[in-house]
Structures are given as C-alpha cells and as structure tokens.
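Asker: Residue numbers for the sequence shown follow the numbering used here, beginning at 2 and rising by one. Built from N, CA and C at the ideal position, the CB exists for glycine as well. Have a look at this one before I ask anything.
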Amino acid sequence: MTRAELAKRIDHTLLRPTSTCADIERLCEEALQYHFASVCIQPCWLKIAVRHLQGSDVAVGTVVGFPLGANMSAVKLYEAEQALAAGATELDMVIALPALKSGDWRTVRHEIEQIVALCHSATPAAVLKVIIECCYLTQEEKIQATRAVAEGGADFVKTSTGFGEGGATIDDVSLLRSAAPPPLKVKAAGGIRTLSLALELLQAGADRIGTSSGVTLLQQLEEGT
2 MTRAELAKRI DHTLLRPTST CADIERLCEE ALQYHFASVC IQPCWLKIAV
52 RHLQGSDVAV GTVVGFPLGA NMSAVKLYEA EQALAAGATE LDMVIALPAL
102 KSGDWRTVRH EIEQIVALCH SATPAAVLKV IIECCYLTQE EKIQATRAVA
152 EGGADFVKTS TGFGEGGATI DDVSLLRSAA PPPLKVKAAG GIRTLSLALE
202 LLQAGADRIG TSSGVTLLQQ LEEGT
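Written out as structure tokens, the structure reads:
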C-alpha cells in the first residue's frame with residue numbers, strides 16, 4: 002500500500018475536549034499536507050476546519066450524539082442539522098445505545114433513517130457513519146446493530162468512539178465486515194496508534210480508519226517500520 006492509498010483510508014481525528022484552536026489548525030494543515038480522507042473534530046471547531054479545508058480533497062467530519070449515544074433523537078437531529086449547515090459533509094453518530102441494549106431495534110433504525118434523510122436533503126454527498134461502540138455489545142448485538150445500520154441507510158458502521166472501555170479490534174472488524182451487506186462500509190476507530198494494527202484492521206475488512214495518529218502511521222510506512 003502506498004502512502005497516498007493509506008492516507009485516503011484515514012480520518013485524521015482530534016476529539017479531545019481540551020483541544021485548542023491551534024490544535025485544530027494544525028490538524029487541518031496536516032490533513033492538507035498528507036491528503037487524508039477527512040478530519041473528524043468536535044462540532045465547535047467546524048467553522049475553522051471548513052475555512053481551512055475549503056476547495057481541498059479533505060472532507061470535514063464531526064460527531065453527533067457523542068460519545069454516549071443517549072441523547073433524544075430530536076437532539077441528534079438538531080446536532081446533525083447544525084453540523085451540515087456549518088459545512089460538515091461527514092457525520093459520525095453514536096447509535097441509540099440505550100434502545101439497542103433494550104432490544105428496541107425499531108427505535109434504533111428509525112433514528113438512523115431520520116438522520117440519513119436529513120443528510121440527503123442537505124447534500125447528496127453527505128456521509129453518515131454510525132458508531133455502535135462494540136466494547137459494550139455482545140457478539141449477537143454487534144451483528145444485529147450492523148444490520149440495523151444497513152437497514153437505516155447509513156454509509157458506514159463504526160466500531161468505537163475511542164471514549165469507551167475498548168477500541169477497534171481485528172475480531173470486531175472481521176465480524177462487522179461479515180455482517181455488513183453491500184454497500185455498507187466499515188470504519189475502525191479507537192486505539193489505532195501503530196501501522197501494523199492499522200494494516201491488520203484494513204486487511205480484516207475496514208474501509209476507513211479513524212485515528213489521531215495518522216501522521217505517525219504514514220511516517221512508519223515510509224520508514225518501513
């Protein structure tokens with residue numbers, strides 16, 4: 002895999018609550034330099050990111066219902082609406098975890114359908130990734146959640162927020178890949194700090210990697226480490 006190919010599989014991510022304006026500007030400059038697929042940032046930084054990345058090949062992504070997924074659907078819809086209006090083209094939304102754990106799949110699917118409809122009405126190019134937070138789910142729940150994400154019309158199912166009790170694993174990515182009907186894609190995120198793990202996750206079926214270590218991964222690839 003070339004550096005350019007790997008870069009286009011990475012969402013260059015900075016979601017720390019203590020991030021500063023300077024941190025976000027640096028993230029965007031790195032994204033431009035390395036041509037990452039996108040940046041993924043907190044909603045409060047969208048204005049800065051959109052300004053920096055306008056006209057580039059780097060998409061602007063943000064989070065919705067993050068990191069617990071426990072917001073009311075109306076709140077998530079408002080978050081998504083505001084993010085899209087601010088210029089975001091990719092949304093990483095945490096699934097309705099309380100409904101999921103209660104077995105209320107109708108609510109889970111309906112919420113996804115609502116956000117998908119909002120995305121498509123805002124811009125046909127908008128991408129929705131639904132985070133199912135694998136560390137809190139049984140194997141069967143992971144499979145059912147992936148199917149619900151597909152039935153809801155989202156573009157990606159994503160393993161983790163990076164704020165839960167665990168991050169991306171090879172086994173989880175492989176399971177989600179096998180459960181995901183085309184054209185649903187898989188995003189791995191959470192604790193991906195080495196090139197070896199990133200490549201293993203891609204080989205296991207991940208289409209996109211979410212990490213704050215994107216520059217490090219590309220440097221390791223160039224160095225052959």
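Taking Ser103 as part of the beta strand (DSSP E), name the residues at either end of that continuous run.
Answerer: Walking along the sequence shown from the start, residue 103 turns up at place 102. Per DSSP, Ser103 belongs to no beta strand (DSSP E) and is neither H nor E.
Asker: Do you know offhand how far Glu134's Cα is from Gly225's?
Answerer: Within the sequence shown, residue 134 is the residue found at index 133, counting from 1. Within the sequence shown, residue 225 is the residue found at index 224, counting from 1. Near 32 Å, if we compare the C-alpha coordinates of Gly225 and Glu134.
Asker: Taking C-beta to C-beta, are Lys130 and Lys188 nearer than 8 Å?
Answerer: Against the sequence shown, residue 130 aligns to sequence position 129. Against the sequence shown, residue 188 aligns to sequence position 187. Contact flag set, yes.
Asker: Ile25 by DSSP, collapsed to three states: which one?
Answerer: To locate residue 25, count along the sequence shown from 1; it is residue 24. Correct three-state label for Ile25: helix.
Asker: Fully enclosed by the stretch 24 to 104, which alpha helix (DSSP H) runs are 4 residues long or longer?
Answerer: If we require 4 residues or more, the alpha helix (DSSP H) runs fully inside the stretch 24 to 104 come out as 47 to 54, 74 to 86, 98 to 102.
Asker: What do you reckon, are the CB atoms on Gln34 and Leu78 nearer than 8 Å?
Answerer: Your numbering for residue 34 matches position 33 in the sequence shown. Your numbering for residue 78 matches position 77 in the sequence shown. No.
Asker: Can you name the start and end residues of the alpha helix (DSSP H) that Ala126 belongs to?
Answerer: Translated into the one-based positions of the sequence shown, residue 126 becomes position 125. Per DSSP, Ala126 belongs to no alpha helix (DSSP H) and is neither H nor E.
Asker: Give me the DSSP bridge partner(s) of Leu15.
Answerer: Residue 15 sits at position 14 when you count from the first residue of the sequence shown. According to DSSP, Leu15 bridges with Ile42.
Asker: Span of the beta strand (DSSP E) holding Lys186?
Answerer: As a first step, residue 186 is located in the sequence shown; it is residue number 185 there, counting from the start. Here the beta strand (DSSP E) through Lys186 covers 186 to 190.
Asker: Here's a check: name, in chain order, each residue in its chain whose Cβ is nearer than 7 Å to the Cβ of Val109, leaving out the five neighbours to either side.
Answerer: Taking the sequence shown and counting its residues from 1, the one referred to as residue 109 is at position 108. Closer than 7 Å at Cβ, skipping near neighbours: Ile96, Ala97, Ala100, Leu101, Ala149.
Asker: With a threshold of 7 Å on Cβ separation, who are the neighbours of Ala126 within its own chain once the five nearest residues in sequence on each side are excluded?
Answerer: By 1-based counting over the sequence shown, the position of residue 126 is 125. Cβ neighbours of Ala126 beyond the five flanking positions: Thr90.
Asker: For a test of the three-state rule: what should DSSP assign to Met9, helix, strand or coil?
Answerer: Position 8 of the sequence shown holds residue 9. Looking at the sequence itself, residue 9 is Lys, so the reference to Met does not match. Three-state result, Lys9: coil.
Asker: Tell me the DSSP secondary structure of Gly215 in three-state form.
Answerer: Within the sequence shown, numbered from 1, the residue matching residue 215 stands at position 214. In the structure shown, Gly215 sits in a helix (DSSP, three-state: H, G or I).
Asker: Enumerated in chain order, which unbroken segments of the beta strand (DSSP E) with a length of 3 residues or greater are wholly contained in the stretch 140 to 192?
Answerer: The qualifying runs are 157 to 159, 186 to 190.
Asker: Measuring CB to CB, does Leu15 end up less than 8 Å from Asp24?
Answerer: The residue you call residue 15 lines up with position 14 of the sequence shown. The residue you call residue 24 lines up with position 23 of the sequence shown. Cβ distance < 8 Å, so Leu15 and Asp24 count as in contact.
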